[in-house]
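**Student:**
Protein chains in written order, with our numbering: chain R, 17 to 114; chain F, 38 to 431.
Structural data, given as structure tokens:
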């Protein structure tokens with residue numbers, strides 16, 4: 017079971033409180049987790065990554081285990097602690113602006 | 038009892054203002070979609086309870102919201118949570134946030150390019166929905182004007198969106214962004230000619246289709262813009278808004294970057310009607326609900342000074358279809374006022390006498406229940422107002 021923490025606005029859109037728990041088949045990567053997230057919550061499609069290119073939106077960041085994984089390959093394995101559910105993957109709306 | 042429902046889009050959410058036909062006492066609900074930019078929301082003329090809203094953010098992109106109960110509750114009209122994203126035969130189901138330009142079958146890249154500020158040709162990239170225009174007759178059909186400029190439509194209540202790509206064939210390679218981006222911000226449907234649609238783009242101009250989007254023509258003859266190499270070019274004009282009275286659909290009024298214009302031949306040609314306005318720069322323009330020759334604008338000082346001249350917030354009314362204008366000031370601040378009124382932030386109701394509403398970048402929404410003769414603030418301290426629409430309720 018993969019644990020994902022969404023930013024407030026996306027929790028509102030998905031109508032969830034707290035963490036989201038997802039089943040991911042196969043290797044646990046950013047892409048696999050986002051595929052599972054969007055399948056479970058279709059209203060989030062296009063909000064974390066672009067519809068067409070599937071590139072991360074510029075002001076969205078991925079953190080886990082005190083690491084910034086935002087620039088990692090979407091097909092790179094996530095840390096074991098995320099894959100085992102010991103730690104959540106944090107999807108964060110970046111601090112930006114003045 | 039009849040009344041009005043004023044739909045206000047702001048930088049930080051939507052507010053819905055309701056009143057009875059006297060339009061004196063107002064109920065305010067909101068914010069809906071708190072924290073999100075609401076560029077526009079509008080009700081269906083065919084079903085007063087059907088509303089569409091464009092919700093967007095620099096972080097999380099574009100969301101389409103729909104209400105079927107007059108704005109009490111909202112939902113995204115795509116596939117509900119927990120349902121499979123494909124049909125049993127593998128076809129994708131509704132994805133209401135998905136605005137994808139027509140692409141080349143060979144490369145998968147969006148078709149055609151447009152001009153960028155630096156003169157380079159760049160491909161279309163979707164950014165947001167600026168304007169939603171529900172069909173006059175079908176609550177499930179709605180048009181969306183987007184940035185980068187293109188026209189989409191949905192015929193399933195906003196569940197899925199398809200581009201009308203032929204518009205970009207109307208010299209789209211010459212279009213370029215205005216200061217606010219390259220946006221399709223105005224959609225006017227002709228009630229007498231269901232296949233005729235007018236749209237306006239900054240900074241490209243006005244375009245018209247007479248065959249429901251299969252072919253489009255620029256409709257900019259008579260416009261003059263000093264800021265482009267050929268002031269009379271066929272495309273490249275920064276049109277801010279156009280308006281039509283439904284009883285006289287061949288007459289159009291336009292607030293251009295500079296100049297207030299009028300067409301008496303469905304956009305084939307335009308002539309200036311700025312007349313005695315203190316400045317002919319501005320954004321909104323609208324037509325009285327019952328008097329097709331009574332029109333309203335809000336003059337703004339200049340393209341670099343987006344506030345009213347002399348710090349006086351004045352709506353100007355012409356009862357002659359332009360050229361002769363009178364200032365409407367009663368109830369509006371006449372000193373130290375430096376707000377702007379954006380292009381979609383003015384609306385008229387269909388009561389008698391006709392009511393007018395406009396919102397400012399300072400967060401005020403003003404209303405007039407007497408055709409503009411006097412005004413009063415309905416709310417004073419909203420986030421900056423991006424759009425104002427009104428529904429007249431039976």
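For glycine and all other residues, C-beta sits at the position ideal for the given N, C-alpha and C. Since the model is a prediction, treat every value here as computed from it, not as a measurement.
#1: Mind pulling the chain F residues with CB within less than 7 Å of residue 59 (chain R)?
#2: Could you tell me the distance, in whole angstroms, from the CA atom of residue 164 (chain F) to the CA atom of residue 219 (chain F)?
#3: For residue 40 (chain F), write down the residues that DSSP places opposite it in a beta bridge.
#4: Around the C-beta of residue 63 (chain R), are 16 or more other C-beta atoms found within 10 angstroms, so that it is buried, or is it exposed?
#5: May I ask you to list, following chain order, the residues of the stretch 55-88 of chain R that have a beta carbon less than 9 Å from some beta carbon of chain F?
#6: Could you check whether residue 47 (chain F) and residue 75 (chain F) sit closer than 8 Å to each other, using their CB atoms as the reference points?
#7: Is the CB of residue 109 (chain R) under 8 Å away from at least one CB in chain F?
#8: If you draw a straight line from the alpha carbon of residue 39 (chain R) to that of residue 17 (chain R), how long is it in whole angstroms?
#9: Do you know offhand how far residue 298 (chain F)'s Cα is from residue 39 (chain F)'s?
#10: Looking only at its own chain, which residues have a Cβ that is under 6 Å from the Cβ of residue 323 (chain F), when we skip the five neighbours before and after it?
#11: What does DSSP give as the partner residue(s) for residue 79 (chain R) in the beta ladder?
#12: Any Cβ of chain F within less than 8 Å of the Cβ of residue 106 (chain R)?
#13: So, at 8 Å on beta carbons, what are the nonlocal neighbours of residue 56 (chain R) in its own chain, with the 5 sequence-adjacent residues on each side left out?
#14: Smallest Cα separation from residue 204 (chain F): which of F:169, F:98 and F:252?
#15: In this structure, how does DSSP classify residue 30 (chain R) when only helix, strand and coil are distinguished?
#16: Output needed for residue 176 (chain F): all residues of its chain with C-beta closer than 8 Å, excluding positions within five of it in sequence on either side, in chain order.
#17: For residue 208 (chain F), which three-state DSSP category applies?
#18: Can you give me, in chain order, the residues of the stretch 89-111 of chain F that have a beta carbon less than 8 Å from any beta carbon in chain R?
#19: Considering only their Cβ atoms, is the gap separating residue 315 (chain F) from residue 196 (chain F) smaller than 8 Å?
#20: Output, in sequence order along the chain, the residues in the stretch 72-84 of chain F whose CB is closer than 9 Å to any CB in chain R.
#21: Return the residue from the list F:303, F:356 and F:274 that minimises the CA-CA distance to residue 233 (chain F).
#22: For the beta strand (DSSP E) containing residue 187 (chain F), name the first residue and the last one.
#23: Is residue 347 (chain F) helix, strand or coil when you go by DSSP?
#24: Could you tell me whether the stretch 78-85 of chain R touches the stretch 338-345 of chain F, using the rule of 3 or more Cβ pairs below 8 Å?
#25: May I have the straight-line CA-CA distance separating residue 207 (chain F) from residue 139 (chain F), to the nearest angstrom?
#26: With a threshold of 8 Å between beta carbons, is residue 29 (chain R) in contact with chain F?
#27: Closest to residue 214 (chain F) by CA distance: which of F:368, F:151 and F:369 is it?
#28: Going along chain R, which residues have a C-beta under 9 Å from residue 122 (chain F)?
#29: Taking Cβ positions, are residue 212 (chain F) and residue 181 (chain F) nearer each other than 8 Å?
#30: Given this structure, state the Cα-to-Cα distance separating residue 241 (chain F) from residue 72 (chain F), to the nearest angstrom.
#31: If you draw a straight line from the C-alpha of residue 223 (chain F) to the C-alpha of residue 210 (chain F), how long is it?
#32: Closest to residue 61 (chain R) by CA distance: which of F:158, F:50 and F:137 is it?
#33: Could you spell out where the alpha helix (DSSP H) holding residue 49 (chain R) opens and where it closes?
#34: Strictly below 9 Å CB to CB, what residues from chain R border residue 132 (chain F)?
#35: Using a Cβ cut-off of 8 Å (strictly closer), state whether residue 164 (chain F) contacts chain R.
#36: Can you give me the C-alpha to C-alpha distance between residue 366 (chain F) and residue 65 (chain F), rounded to a whole angstrom?
**Tutor:** On the basis of the coordinates in this document:
#1: Against residue 59 (chain R), the close residues of chain F are 113, 115 and 118, in the order they occur along the chain (beta-carbon pairs closer than 7 Å).
#2: Cα to Cα, residue 164 (chain F) sits roughly 10 Å from residue 219 (chain F).
#3: F:57 and F:430
#4: Around the beta carbon of residue 63 (chain R), a 10 Å sphere encloses 16 or more other beta carbons of the protein chains shown; the residue is thus reported as buried.
#5: 55, 56, 57, 58, 59, 60, 61, 62, 63, 64, 66, 67, 68, 73, 74, 75 and 76
#6: In contact: residue 75 (chain F) and residue 47 (chain F) (Cβ atoms closer than 8 Å).
#7: yes
#8: 5 Å
#9: 34 Å
#10: 280, 333, 383 and 385
#11: The beta-bridge partner set that DSSP reports for residue 79 (chain R) consists of R:84 and R:106.
#12: Not one beta carbon of chain F lies nearer than 8 Å to the beta carbon of residue 106 (chain R).
#13: So the qualifying residues of the chain are 36 and 38.
#14: Closest option to residue 204 (chain F), Cα to Cα, is F:252.
#15: helix
#16: 81, 83, 84, 87 and 194
#17: Of the three classes helix, strand and coil, the one that applies to residue 208 (chain F) here is coil, per DSSP.
#18: Taking 8 Å as the Cβ-Cβ cut-off against chain R, the residues of the stretch 89-111 of chain F that qualify are 94, 95, 96, 97, 98, 99 and 100.
#19: The Cβ atoms of residue 196 (chain F) and residue 315 (chain F) lie no closer than 8 Å to each other.
#20: 72 and 73
#21: Of all alpha-carbon atoms in F:303, F:356 and F:274, the one lying nearest the alpha-carbon of residue 233 (chain F) is that of F:303.
#22: 187-191
#23: Here residue 347 (chain F) sits in helix by DSSP.
#24: Here the stretch 78-85 of chain R does not lie against the stretch 338-345 of chain F, with fewer than 3 beta-carbon pairs under 8 Å apart.
#25: 15 Å
#26: yes
#27: F:151
#28: 54, 55, 58 and 61
#29: no
#30: 31 Å
#31: 20 Å
#32: The residue with the shortest Cα to Cα distance from residue 61 (chain R) is F:137.
#33: 46-56
#34: 58, 61, 62 and 67
#35: no
#36: 25 Å
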